[in-house]
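>
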Amino acid sequence: MKERAPGESRVALTPETAKKFAALGATVAIEQGAGLGASITDDAYREAGAEVGTSADVISGADIVLGVQAPDPTQLTGAKPGVWVAATFDPFRNGELVAAYAAAGLEALSMEFMPRITRAQSMDVLSSQSNLAGYKAVLTAANTYGRAFPMMMTAAGTVQAAKVFVMGVGVAGLQAIATAKRLGAQVSATDVRSATKEQIQSLGAKPIFVENVAGIEGEGSGGYATEMSEEYQKAQAELVSAHIAKQDIVITTALIPGRPAPRLISDGQIASMKPGSVIFDLAVAQGGNVEGSVPDQTVEKHGVKIVGYANTANHLAADASALFARNLYNFLSAFWDKETGRPVLDEEIGDAVRLTKDNKVVNSRLAD
Numbered sequence: 002m003k004e005r006a007p008g009e010s011r012v013a014l015t016p017e018t019a020k021k022f023a024a025l026g027a028t029v030a031i032e033q034g035a036g037l038g039a040s041i042t043d044d045a046y047r048e049a050g051a052e053v054g055t056s057a058d059v060i061s062g063a064d065i066v067l068g069v070q071a072p073d074p075t076q077l078t079g080a081k082p083g084v085w086v087a088a089t090f091d092p093f094r095n096g097e098l099v100a101a102y103a104a105a106g107l108e109a110l111s112m113e114f115m116p117r118i119t120r121a122q123s124m125d126v127l128s129s130q131s132n133l134a135g136y137k138a139v140l141t142a143a144n145t146y147g148r149a150f151p152m153m154m155t156a157a158g159t160v161q162a163a164k165v166f167v168m169g170v171g172v173a174g175l176q177a178i179a180t181a182k183r184l185g186a187q188v189s190a191t192d193v194r195s196a197t198k199e200q201i202q203s204l205g206a207k208p209i210f211v212e213n214v215a216g217i218e219g220e221g222s223g224g225y226a227t228e229m230s231e232e233y234q235k236a237q238a239e240l241v242s243a244h245i246a247k248q249d250i251v252i253t254t255a256l257i258p259g260r261p262a263p264r265l266i267s268d269g270q271i272a273s274m275k276p277g278s279v280i281f282d283l284a285v286a287q288g289g290n291v292e293g294s295v296p297d298q299t300v301e302k303h304g305v306k307i308v309g310y311a312n313t314a315n316h317l318a319a320d321a322s323a324l325f326a327r328n329l330y331n332f333l334s335a336f337w338d339k340e341t342g343r344p345v346l347d348e349e350i351g352d353a354v355r356l357t358k359d360n361k362v363v364n365s366r367l368a369d
């Protein structure tokens, strides 16, 4: 389907994956104009063997509907009972949408709930999109910053390398570190998970960690961060405050599944930074890591520019679509049953991603 969410340019099917689905024996159809935001023409889909038609044509015969952001059930009028919809649902924040899918008899498959296990790595849309988001965050910060990134030695004198501090070392944070290093910056990073120290060092950056608060590892289920104790939060705030005042650019990436983004930078810490510094808040759409950040706006406080996109990966729509579409193909093709001509999900992954079935909300994470 063509994406209906405001400003969404990505698409869940590319000519590459359309051809692969057809090779499995599937009939592939896509709504006309669905790929234009990602620079993919209808003719490119036709050449790949896909049918191009209206929304009603595409939905009426579908057993599986692919999307980037899950469509409202009203946009699926005419779909078969029990049709699968594989997309991102943001289930913790969109409970009403999930309930509407259950009421409509649709089977919602949430790609955000893909388990972080080895065999599901190629299906993980959060990782593929976060990778691009971390890259784009650094490029945007560099463009907003009014000075050069690398050290430059000239006849007129030396330009010092920009100091970049990355807060949160998940997929986006690691890519942000790597990108800032490639641009020649002096990079440091921190995370609540002590296991990320080696990852930071492996990219040539300096780890900034609380060393004297024992017994707090910060590792939650599935490799995600979890909330810290008050003691750790206080120690971390003191360490970060001292370090952040010396930085030119800060990239914040911290998220906790099912909860608002943790506040990492206060107004007082912003005030301690040098005028002309830049903060990119990758978590701005989930409430923000930075006090005063606003989605899709550049906010200036105390001479510091605070930037953040509601949908960062969307600013690299062509590549983001290619990776997202491959994630979906890898997911569905891994369970493809030749006899029935469709996927048959197993319990480990199927139960993890399935939100609704038989007019009920069935996912245990939502029940909890």
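Heads up, the sequence shown is in this note's numbering, so the first residue is 2 and it goes up one at a time.
Note that the Cβ used here is the ideal one computed from N, Cα and C, for glycine as well.
1. Where does the unbroken alpha helix (DSSP H) through Leu317 begin, and where does it stop?
2. Taking DSSP as the reference, what is the three-state secondary structure of Val345?
3. Excluding the 5 residues preceding and the 5 following His244 in the sequence, name in chain order all residues of the same chain whose CB lies nearer than 6 Å to its CB.
4. For Pro16, which residues of its own chain have a beta-carbon under 6 Å away from its beta-carbon, when the five flanking residues on both sides are left out?
5. By how many angstroms is the C-alpha of Met152 removed from the C-alpha of Pro92?
6. Do Asn360 and Gly185 have their CB atoms nearer than 8 Å?
7. If I measure Cβ to Cβ from Gly288 and keep anything under 6 Å in the same chain, skipping five residues before and after, which residues do I get?
8. Count the other CB atoms, across all protein chains shown, that sit within 10 Å of the CB of Ser203; report buried if there are 16 or more and exposed otherwise.
9. Do Val279 and Lys302 count as a contact pair if the criterion is CB distance below 8 Å?
10. Taking Gln176 as the reference, give the member of Arg194, Lys137, Gln122 with the closest Cα.
11. Let me know if Phe281 comes out buried or exposed under the rule of 16 or more other beta-carbons within 10 Å of its beta-carbon.
12. Given Phe325, which residues of its chain have a CB within under 7 Å of its CB, disregarding the five upstream and five downstream residues?
13. May I have a chain-ordered list of the beta strand (DSSP E) segments no shorter than 3 residues that lie completely inside the region 153-195?
14. If you follow the alpha helix (DSSP H) that Leu67 is part of, which residue opens it and which one closes it?
15. CA-CA distance, Glu9 and Gly38?
16. By how many angstroms is the C-alpha of Val362 removed from the C-alpha of Gly216?
17. Within 10 angstroms of its Cβ, does Val345 collect 16 or more other Cβ (buried), or is it exposed?
18. Just mark Thr55 as buried or exposed, buried being the case when its beta carbon has 16 or more other beta carbons within 10 Å.
19. Return yes when the Cβ of Ala57 is within less than 8 Å of the Cβ of Gly36, no when it is not.
20. In whole angstroms, what is the alpha-carbon distance linking Lys3 and Leu133?
21. Could you check what DSSP says for Asp297 in three-state terms: helix, strand or coil?
22. Could one say the Cβ of Ala35 lies closer than 8 Å to chain B's Cβ atoms, at least one of them?
23. Extract the residue ranges of the alpha helix (DSSP H) inside the region 219-294, only unbroken runs of 4 or more that lie entirely within it.
24. Could you check which residue in Val291, Asp73, Leu283 has the C-alpha nearest to that of Val99?
25. Note the first and the last residue of the continuous beta strand (DSSP E) segment covering Ala30.
26. Count the other CB atoms within 10 Å of the CB of Thr155; is the residue buried (16 or more) or exposed (fewer)?
27. Nearest to Asn144 by CA position, among Leu356, Pro296, Ile250, Phe22, is which residue?
28. Please report how far the alpha carbon of Ala319 lies from the alpha carbon of Asn312, in whole angstroms.
29. Output the boundary residues of the alpha helix (DSSP H) element that contains Ala23.
30. When the Cα of Ser267 is compared with those of Gly259, Asn315, Leu256, Glu239, which residue comes out closest?
31. When burial is assigned at 16 or more other CB atoms within 10 Å of the CB, is Arg194 buried or exposed?
Walking through what the data contain:
1. Note, Leu317: premise wrong, no alpha helix (DSSP H); not H, not E.
2. coil
3. Ile209
4. Ala45, Tyr46, Ala49
5. 45 Å
6. no
7. Pro261, Ala262
8. exposed
9. no
10. Lys137
11. buried
12. Arg11, Ala13, Val69, Val126, Ser129, Gln130
13. 153-155, 158-160, 164-168, 187-191
14. Element bounds for Leu67: not the alpha helix (DSSP H) but the beta strand (DSSP E), 65-70.
15. 8 Å
16. No answer about Gly216 holds up, because its pLDDT of 42 lies below 50 and its placement is not dependable.
17. exposed
18. exposed
19. no
20. 22 Å
21. coil
22. The structure shown has no chain B; it contains just one protein chain.
23. 231-245, 268-273
24. Asp73
25. 30-32
26. exposed
27. Ile250
28. 14 Å
29. 16-25
30. Glu239
31. buried
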